[in-house]
Structures are given as C-alpha cells and as structure tokens.
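Asks: Take 72 as the starting number for the sequence shown in this note's numbering and just add one per residue.
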Amino acid sequence: MSVLVTRFPVSATDVPEIWRIVDGKWAACGSLDQFRPDGDDDLVMAMVAPTDANCSWLPLSDMEPRQAEGVAKLRISEQALGPVHVVARHGTDATLCAAISPAAMTCGIDQLKKYGLDPDIVIPFGLVVDGFADQVVRAEYDGLAILLGSGFAVPDEAIFRDLIVGDKPVVEIETEQLRSMVLTASEAPNLNLRAGPFAKKTATIWATEAQRTWIIRLVAALVIATILLAITTLAKYWLATSAENERAIASAQKIDPKISDIGQAEAQLDLAMQQKGQAKGRFGALSAGLWRAVQATPNVTARELRYGKDGILIAVLAAPDANSLNTVLIAIQQDGFRVTATPRQDSSGATIVDLTMRMP
C-alpha cells in the first residue's frame, strides 16, 4: 500500500510538499502544484499545523465514552472564540480533542482537491508525534515545528517555551523517528478531523467487476431467452392459424369450389351475411335501421331484439300510444326495409307491436 503525506494547506496560495511512502520508503514528489496523482495511491494524509488546530486532553475518564466525547466537544466549543469543528476520542487517562475552524478545514480540503488529492486523514501534527510523560519533545516537518509534552501540543515559539516549557529540557525528534511516527499515524490515527460534516464521501460500489460481468451475462441470456420464447410463440400461433385457415378453405370449397384462399372465403361470407341483413358486428343493417328510428321517436322502447334463423330481425316495441309506434314504423319503411307489424296492448295499458324486418 502507498501513502501520500503532506502538510494541510491553509490558503489558496499554499502549496505544501508531497511525499509518497511505499513499503516504508519515503520519496519526494515535489510541491502540490506540480504533483500528479497516481491511481495506485491508496491513502492520503494531511497534517495540520499547531497554529491552525488546537489539541486538548480533558480528564473525563470517569464518564462513559460517548458521554465523555460529547462533554469534551461542548467544552471546547464554549471556550472557542468563534465556530469550531471539534472531534473527540475517549481514552483511558483522558479524552483527546482536536478543534479547527470550519473555514480553515474547508479551505485546506478545497486546495488539496484542486490538485487531485482528496485526503482520507486530516490530523493535527501534534497527534502524529509521540510524546513522553516526563519530557518535552520537539518535531519539525515541512515548516511545522511543534513542542509536545504532557497535556499540551503547541507551536515552537518563544512565548510557549517561556510560559509552558520553562526550564524543562527539550528532546529533538530525529527525521527517521518522525517518519516512523507519521507512518504509524497513517495506519491508526489518534483522531481524524475528516468526520461529521467534513467526512469523506466514498463512492458506493454496488457490485465488483466479476459480479458486473455475471450480471451482464445473465441479462444477455435473459434477453436471448425472451426473444427465443417470442419467436417460438409466434411460430406456434402462425402454424395454428395456418391449420385453421386450411380447414376453413376446405369447408368453403365444399360450397364454392372456386374459393382458393382465406381472404376470398371471408369475402363470400360477408356477402352472404349482408344478403341476410346481418353483419360481422352485433348491429347489422336491419338492427341499425330499427335503432335509428327508435332513437328519433320519444317514448318508444325496444323490449326485445333478436335475429331469426333466416336473417329476419324480430323485435318488440312499446309506447304509451299507437301514434308513436306508427311514427317508428313509417321511418323504417321510408328507409326501404320490409316490415310486418302486429299491434297489441299489455296489462299496463301500453301499446305494443310485434315487428319483423327484412332487407329490401
């Protein structure tokens, strides 16, 4: 696994140096504005200067881990002069906290992304260096100089040496020793500021390459199977239709030997039905003529409507008076249909006519 290590930039013009660690060996990659990411880089870690990220150790060991972390974040936020992004981690002796301004966090991440780096770990430099309970250590990396002691991690400046370090001896961390600490921090960081609203968004992998290959194969097999099923079904229907057409033509040729195809047989059937006053649909010429006359005359209703075996339309019409029925009969006859009608009255007093209709 390779690791990219850099200093966390603090402005849009800040271009820190980049280092690549492969199998424990460090290789300089130049400044950020000259760096070109390698697809094989597995992890990116950026170390924040002690002037930009404050580290604190709060004695909250008597609390539950989640409770201690919540209290620590609240205390650090209340003590800050402005809004801060705080990350906390409960430990055996104390709860470790790191705080940074949201503006600085956003600026640093945007600057790194501008050159193709999206850091996995953003960690204060003071949490990379290992301190000792009875000593003050000093470490330096790419312009970052820090003093680390029991309960503090501050910039290496005269004011902090006077106020905090005093007469205590300062132990210098050698380069190789610091590099070992950096590599350890990249593998198991004490804290990571890329949390909460600044957590790194990782792409969701729904399937591996091998799984995608099998999915494509299964989809292709499903499509082919569907096409084959459709072709088989169409062939089955075509064969069944052809067999029925052959039987229909054979039956039609018994009546008219000149019929040679199914279209000709259907045309002969339509002509025969029209001659009998029938059609393919439910309403033939006779029923359509009757219905048109009934609709045009108010108060007339059709109580019965059916065809006889010889194509004659048989109907029973009813109306409150005979004049309405006469109007219907006259309209039917004016359309050219042959009509016979037998009037009668039912028990309710309505006038009824038993009607038969034929084609002209």
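Beta carbons are placed, not taken as given, at the ideal position from N, Cα and C, and that holds for glycine.
Would you mind reading off the limits of the beta strand (DSSP E) that contains Ala412?
Replies: Residue numbering aside, residue 412 sits at position 341 when the sequence shown is read from its first letter. First-last of the beta strand (DSSP E) with Ala412: Arg409 to Gln416.
Asks: So, helix, strand or coil for Gly267, using DSSP?
Replies: As a working mapping, residue 267 is identified with position 196 in the sequence shown. Note: Gly267 maps to helix in three-state DSSP.
Asks: Pair every Cβ in the segment 170–186 with every Cβ in the segment 73–88, then say whether three or more of these pairs are closer than 8 Å.
Replies: yes
Asks: Does the beta carbon of Ile298 fall short of 7 Å from some heavy atom of the ligand FAD?
Replies: In terms of ligand content, the structure shown is empty, and the ligand FAD therefore cannot be addressed.
Asks: For the structure I just gave you, are there three or more beta carbon pairs, one from the segment 356–367 and one from the segment 390–408, closer than 8 Å?
Replies: Cβ pair count under 8 Å is three or more, so yes.
Asks: Could you give the DSSP three-state label for Leu361: helix, strand or coil?
Replies: Sequence index remark: in the sequence shown, residue 361 carries index 290 (1-based). Three-state result, Leu361: helix.
Asks: Would you give the residue range spanned by the beta strand (DSSP E) that Ala174 belongs to?
Replies: Start at 1 with the first residue of the sequence shown, and residue 174 comes out as number 103. Element bounds for Ala174: not the beta strand (DSSP E) but the alpha helix (DSSP H), Pro173 to Lys185.
Asks: Looking at Ala124 and Arg78, is the spacing between their C-beta atoms short of 8 Å?
Replies: Position 7 of the sequence shown, counted from the first residue, corresponds to residue 78. Position 53 of the sequence shown, counted from the first residue, corresponds to residue 124. Result no, Cβ atoms of Arg78 and Ala124 do not sit closer than 8 Å.
Asks: Can you give the beta carbon distance from Ala174 to Leu262, rounded, assuming they're within the 8 Å contact cut?
Replies: Counting from 1 along the sequence shown, the entry for residue 174 is found at position 103. Counting from 1 along the sequence shown, the entry for residue 262 is found at position 191. Between Leu262 and Ala174 the Cβ distance is about 20 Å, and since that is not below 8 Å, they are no contact.
Asks: Should Val399 and Pro414 be called a contact, given that it needs their Cβ atoms to be closer than 8 Å?
Replies: Translated into the one-based positions of the sequence shown, residue 399 becomes position 328. Translated into the one-based positions of the sequence shown, residue 414 becomes position 343. It is not a contact, given that the beta carbons lie outside the stated cut-off.
Asks: If I follow the unbroken beta strand (DSSP E) through Pro195, where does it start and stop?
Replies: Here the question's residue 195 lines up with position 124 in the sequence shown. Its beta strand (DSSP E) spans residues Ile192 to Pro195.
Asks: Indicate whether the contact test is met: 3 or more Cβ pairs, each with one atom in the segment 282–300 and one in the segment 214–223, closer than 8 Å.
Replies: no
Asks: Does Pro240 pass the burial test, meaning 16 or more other C-beta atoms within 10 Å, or should it be called exposed?
Replies: Working through the sequence shown from its first residue, we reach residue 240 at position 169. In the assembly as shown, Pro240 is an exposed residue. Its beta-carbon has fewer than 16 other beta-carbons within 10 Å.
Asks: Going by DSSP, name the residue or residues bridged to Cys516.
Replies: Not covered by the structure: residue 516. The range shown for the chain is 72 to 431.
Asks: Quick check: what's the CA-CA separation for Pro87 versus Ala259?
Replies: Here residue 87 refers to the residue found at position 16 of the sequence shown. Here residue 259 refers to the residue found at position 188 of the sequence shown. Computed Cα separation, rounded: 23 Å.
Asks: Going along the chain, which residues of its own chain have a beta-carbon closer than 7 Å to the beta-carbon of Val371, five neighbours each way excluded?
Replies: Residue 371 sits at position 300 when you count from the first residue of the sequence shown. Within the same chain, Val371 has close Cβ partners Val365, Leu388, Ala390, Ser395, Leu396 and Val399.
Asks: Where DSSP assigns a beta bridge to Tyr212, which residues make up the other side?
Replies: The residue labelled residue 212 in the question sits at position 141 within the sequence shown. The partner list for Tyr212 (beta bridge, DSSP) reads Leu215.
Asks: Can you tell me whether Glu315 is buried or exposed? The criterion is at least 16 other CB atoms within 10 Å of its CB, across all chains shown.
Replies: Along the sequence shown, one-based indexing puts residue 315 at 244. Counting Cβ neighbours within 10 Å, Glu315 comes out exposed, since fewer than 16 surround it.
Asks: Report yes or no: do three or more beta-carbon pairs, one from the segment 243–255 and one from the segment 194–201, lie closer than 8 Å?
Replies: yes
Asks: Once you ignore the five residues that flank Val142 on each side, which residues in its own chain have a CB closer than 7 Å to its CB?
Replies: Position 71 of the sequence shown, counted from the start, is the residue given in the question as residue 142. Around Val142: Leu131 and Met134.
Asks: Taking the straight line between their C-alpha atoms, what separation do you get for Arg91 and Phe106?
Replies: Taking the sequence shown and counting its residues from 1, the one referred to as residue 91 is at position 20. Taking the sequence shown and counting its residues from 1, the one referred to as residue 106 is at position 35. The straight-line gap from Cα to Cα measures roughly 11 Å.
Asks: Assign Met252 to one of three DSSP states: helix, strand, or coil.
Replies: By one-based count along the sequence shown, residue 252 stands at place 181. Of the three classes helix, strand and coil, the one that applies to Met252 here is helix, per DSSP.
Asks: Measuring CA to CA, which of Leu426, Ser257 and Asp205 is closest to Leu114?
Replies: In the sequence shown, residue 114 corresponds to position 43, counting from 1. With distances taken between Cα atoms, Leu114 lies closest to Ser257.
Asks: Using a Cβ-Cβ cutoff of less than 6 Å, which residues in the same chain neighbour Ala393 once the five nearest sequence positions on both sides are dropped?
Replies: As a working mapping, residue 393 is identified with position 322 in the sequence shown. Correct list, in chain order: Thr422.
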